Each structure stands twice: as structure tokens, then as C-alpha cells.
Amino acid sequence: MKKILPDISVSVIVCSYNRATYIEGAMRSLCEQSLNKDLYEIFVVDNNSTDNTKEVCRQFINKHGRYNLYLINERQQGSSFARNAGAALAKGEILVFMDDDAIADKYFLERIFNFFNDYPDAAAVGGRIIPKYIPEEPKWMSYYVSSLVGNFDYSEKMEIFAEGKYPLESNMAVRKNLFDLIGGFSTFLPGVKGSLRIGGEGKDFFLRLAELGKPFYYKPDVVVEHIVEVKKLTSEYMYRVASGIGRGERVRTLKKNRVAYLKKIFEYSWKLLAAMVLAMGYVLQMKPAKAWPVIQFRIDAFKGLLNY
Numbered sequence: 001m002k003k004i005l006p007d008i009s010v011s012v013i014v015c016s017y018n019r020a021t022y023i024e025g026a027m028r029s030l031c032e033q034s035l036n037k038d039l040y041e042i043f044v045v046d047n048n049s050t051d052n053t054k055e056v057c058r059q060f061i062n063k064h065g066r067y068n069l070y071l072i073n074e075r076q077q078g079s080s081f082a083r084n085a086g087a088a089l090a091k092g093e094i095l096v097f098m099d100d101d102a103i104a105d106k107y108f109l110e111r112i113f114n115f116f117n118d119y120p121d122a123a124a125v126g127g128r129i130i131p132k133y134i135p136e137e138p139k140w141m142s143y144y145v146s147s148l149v150g151n152f153d154y155s156e157k158m159e160i161f162a163e164g165k166y167p168l169e170s171n172m173a174v175r176k177n178l179f180d181l182i183g184g185f186s187t188f189l190p191g192v193k194g195s196l197r198i199g200g201e202g203k204d205f206f207l208r209l210a211e212l213g214k215p216f217y218y219k220p221d222v223v224v225e226h227i228v229e230v231k232k233l234t235s236e237y238m239y240r241v242a243s244g245i246g247r248g249e250r251v252r253t254l255k256k257n258r259v260a261y262l263k264k265i266f267e268y269s270w271k272l273l274a275a276m277v278l279a280m281g282y283v284l285q286m287k288p289a290k291a292w293p294v295i296q297f298r299i300d301a302f303k304g305l306l307n308y
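The sequence shown runs 1 to 308 under our numbering.
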């Protein structure tokens, strides 16, 4: 008698660009999940890598043929293009997005799968992202700067995100029908595009998703580790990420109207002043190494906003 296999319920999309060192770890963590392997599929979307990312992926896929694991290509540069390309091929009712330098907890997909079954009102869910510093966390790193390297811990318990708050796209899951309804990620905010970053694609996605009136939740036990290697701790990398946030806000607000952009400039001015107050607090706490990076973050974001 022919065995009846369960339908694919979850589609995981991992976009990759020059991550040959870490992409195998990401794929391995997704293959070693507690969820029945026949219930999910994994798409690794190569976005014009110039290293041997493709070869690493092909070799891993060939050795793990019992999994629904696929490598596809997206020639239009930018994570928004790549994520949309993976979503277009997905068969699952749930889309899960994870980064190519992340390691998923063993129960990552099972908890997402169970969540959507238990909360039929939910549009999306996001979880905790724990930085894994290589070799170690620098002394100058603070809570306020660590968001630039993916640190995310919204709440100690599961709850609905407050208005204006949302999951990070490196650990998020959304119902596919709603993803399609709002048109996926907006490609005018492509994310990383070569050496340039135009960020905010996740924020834009969730602001549009919120207009549907369905809640999205934070679930702290849906966990991934995010690798933070030495090159992500340089001033050049931090500038690229922070300015990319501001650059994305410039694009997003100007797309609405000039008034929205001017309001954002006012908001960033206050954030810069707040950063100066926080920096003074670190100095008074005898933690001077943490002071300047907080200010630099806001300056770099402001530069992106002003297109400096």
C-alpha cells in the first residue's frame, strides 16, 4: 500500500550572498529540526554570490536528498528580490524567513507550525535573535548598538507587538496568502545591493501588513542565533548598516510625501539628542567605551536619511 505523505505546510526561505563560510550551518540547522521533514521545504536563494556559496549549497543538497531542500537563483540584486523569488515558489501556507548566517534552534519550525495552528487570527510571528559573537562580544557593544548586528529580544513572554513594532525579517513567519495579498517585500527597498544598503524593507512590509487589521505576535522561544563575525564589528560595517536604515527611511517617507520626510528628520534629531544623553549615562557608569558608538549609530543613520 502506497504511503500517503503529509502536505508541505511550511516553506523556509534563506537568501544568500557570499556566505560560503556559514550557509552550510544554516542549512544543517534547518534539516535537523524536530518538525516532520515532510511538512516543510527549504529554499536557498543565491543572489549573485561571487564566492563558492553555490557549490557549498549544491554539495550539501546532494548529501541530504531526503529533505525538501532546493537551491534557486535570483539575478536582481537585493534581499527583497530574493525573498520574493523564494516565496513565489513556496508550496507551504506558512512562509518562514531566516538569514544565511543564522542557526535555527531545533524546535524553531515546530513552534512556528504549532503557533499558526493555535492562533488562527495571527498574520505573522517573530522570535528572538541571539548574537553569536566571533570570537567574543566587544567591550564597546551596548544594547542600543547591538540591533545593528541583529540582536532582538522584544519581550520575556509571548505577546502581540505594539503598534509600530514588528519582527525582524531574519526571524519571521507570515501566512502566505497575506504575504501575496500585500505584494511581498517592496523592491524599492531592496536591502543590500552590492556595497550599498537601502534598508527598512522589513519595517515597510509590516507597516503594510498591519493595515489588514490582523495581529502579529512575538514568541520568545522561536529562536535563532545570528553569527557576528569580526568584519561585522568594524566602523565601516556599522556605518553601512546604520546609514542603510536612514537611507531606507528617506526612500520610504519620500514615497509618501515631503511632509513625512520632514517629520522623519525631526524624529532623527530627537534620537540623536537621546543618544547623547545615553552616552553620558555610560560615561557616568564608568563604561566610556560604550558611549561613542551609541552617538555614532545615530549620526550614521542621520547621514543616510539626508543622503549625505
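We put the CB at the ideal spot given by N, CA and C, even for glycine.
Bear in mind the structure is a predicted one, so any value in this text is a computation, not a measurement.
Excluding the 5 residues flanking N73 on each side, which residues of the same chain have their C-beta closer than 6 Å to its C-beta?
Counted from its first residue, the sequence shown places residue 73 at position 73. Here the set comprises D46.
With three or more C-beta pairs closer than 8 Å as the rule, is the segment 63-70 touching the segment 201-217?
no
Considering just the uninterrupted stretch of the alpha helix (DSSP H) at P293, what are its terminal residues?
Within the sequence shown, numbered from 1, the residue matching residue 293 stands at position 293. 291-305 is the extent of the alpha helix (DSSP H) around P293.
From Q33 to K106, what does the alpha carbon distance come to, in whole angstroms?
The residue labelled residue 33 in the question sits at position 33 within the sequence shown. The residue labelled residue 106 in the question sits at position 106 within the sequence shown. So the two alpha carbons sit approximately 5 Å from each other.
How would you label D100, buried or exposed, when you count the other beta carbons within 10 angstroms and need 16 or more for buried?
Taking the first residue of the sequence shown as position 1, residue 100 is located at position 100. So D100 counts as buried.
Apply the 10 Å Cβ neighbour rule to P190 and answer buried if 16 or more other Cβ atoms are within range, or exposed otherwise.
Here residue 190 refers to the residue found at position 190 of the sequence shown. Looking at its Cβ environment, which holds 16 or more other Cβ atoms inside 10 Å, P190 is buried.
Short of 7 Å in beta carbon distance, which residues of its chain neighbour S146, apart from the five on each side in sequence? Order them along the chain.
For the purposes of this step, residue 146 is taken as residue 146 along the sequence shown, with counting starting at 1. Answer for S146: P131, listed in chain order.
Pair every Cβ in the segment 38-56 with every Cβ in the segment 134-151, then say whether three or more of these pairs are closer than 8 Å.
At 8 Å Cβ cutoff, the stretches do not touch.
F108 and S9 - do their beta-carbons sit closer together than 8 Å?
Taking the sequence shown and counting its residues from 1, the one referred to as residue 9 is at position 9. Taking the sequence shown and counting its residues from 1, the one referred to as residue 108 is at position 108. No, they are not a contact pair.
To the nearest angstrom, how far is the alpha carbon of A20 from that of S186?
On the sequence shown, residue 20 is found 20 positions in, with the first residue counted as 1. On the sequence shown, residue 186 is found 186 positions in, with the first residue counted as 1. If I take the Cα positions, the gap works out to 27 Å.
Could you compute how far the alpha carbon of S142 sits from the alpha carbon of G281?
As a first step, residue 142 is located in the sequence shown; it is residue number 142 there, counting from the start. As a first step, residue 281 is located in the sequence shown; it is residue number 281 there, counting from the start. About 12 Å.
Closer than 8 Å by C-beta to L305: which residues in its own chain qualify, once you throw out the five before and the five after it? Chain order, please.
Counting from one through the sequence shown, the residue named residue 305 turns up at place 305. Cβ neighbours of L305 beyond the five flanking positions: G246, R247, E249, R250, K264, I265, Y268.
Between the Cα of Y288 and the Cα atoms of G25, P138, C31, S79, which residue gives the shortest distance?
For the purposes of this step, residue 288 is identified with residue 288 of the sequence shown, where counting begins at 1. Reading the sequence as shown, one finds Pro at residue 288 and not Tyr. Selected option, being the one with the closest Cα: P138.
Please state if the CB of I94 and the CB of F116 are separated by a distance shorter than 8 Å.
Walking along the sequence shown from the start, residue 116 turns up at place 116. Walking along the sequence shown from the start, residue 94 turns up at place 94. Cβ distance < 8 Å, so F116 and I94 count as in contact.
Mind checking whether the beta-carbon of K37 lies closer than 7 Å to any heavy atom of the ligand MN?
Questions concerning the ligand MN fall outside what the structure shown contains, since it holds no ligand whatsoever.
With distances taken Cα to Cα, identify the nearest neighbour of A90 among L39, A124, A122, Y119.
Locating residue 90 in the sequence shown gives position 90, counting from the first residue. Looking at the Cα atoms, L39 is the closest of the given residues.
Is DSSP giving A122 helix, strand or coil here?
Indexing the sequence shown from 1 puts residue 122 at position 122. Here A122 sits in coil by DSSP.
In whole angstroms, give me the CA-to-CA distance for A123 and L278.
Residue 123 sits at position 123 when you count from the first residue of the sequence shown. Residue 278 sits at position 278 when you count from the first residue of the sequence shown. Cα-Cα distance, rounded: 35 Å.
Taking only the alpha-carbon atoms, compute the straight-line gap between S79 and L168 and give it to the nearest angstrom.
The residue you call residue 79 lines up with position 79 of the sequence shown. The residue you call residue 168 lines up with position 168 of the sequence shown. Whole-angstrom Cα-Cα distance: 13 Å.
Between the C-alpha atoms of V14 and E41, what's the straight-line distance to the nearest angstrom?
The residue given as residue 14 occupies position 14 in the sequence shown. The residue given as residue 41 occupies position 41 in the sequence shown. Looking at the two C-alpha atoms, the distance is approximately 11 Å.
How big is the Cα-Cα spacing for R128 and Y261?
Residue mapping note: residue 128 aligns to position 128 of the sequence shown, counting from 1. Residue mapping note: residue 261 aligns to position 261 of the sequence shown, counting from 1. Straight-line Cα distance between these residues: approximately 31 Å.
Just to confirm the assignment, what range does the alpha helix (DSSP H) spanning M238 have?
Taking the sequence shown and counting its residues from 1, the one referred to as residue 238 is at position 238. Counting along the chain, the alpha helix (DSSP H) containing M238 begins and ends at 235-256.
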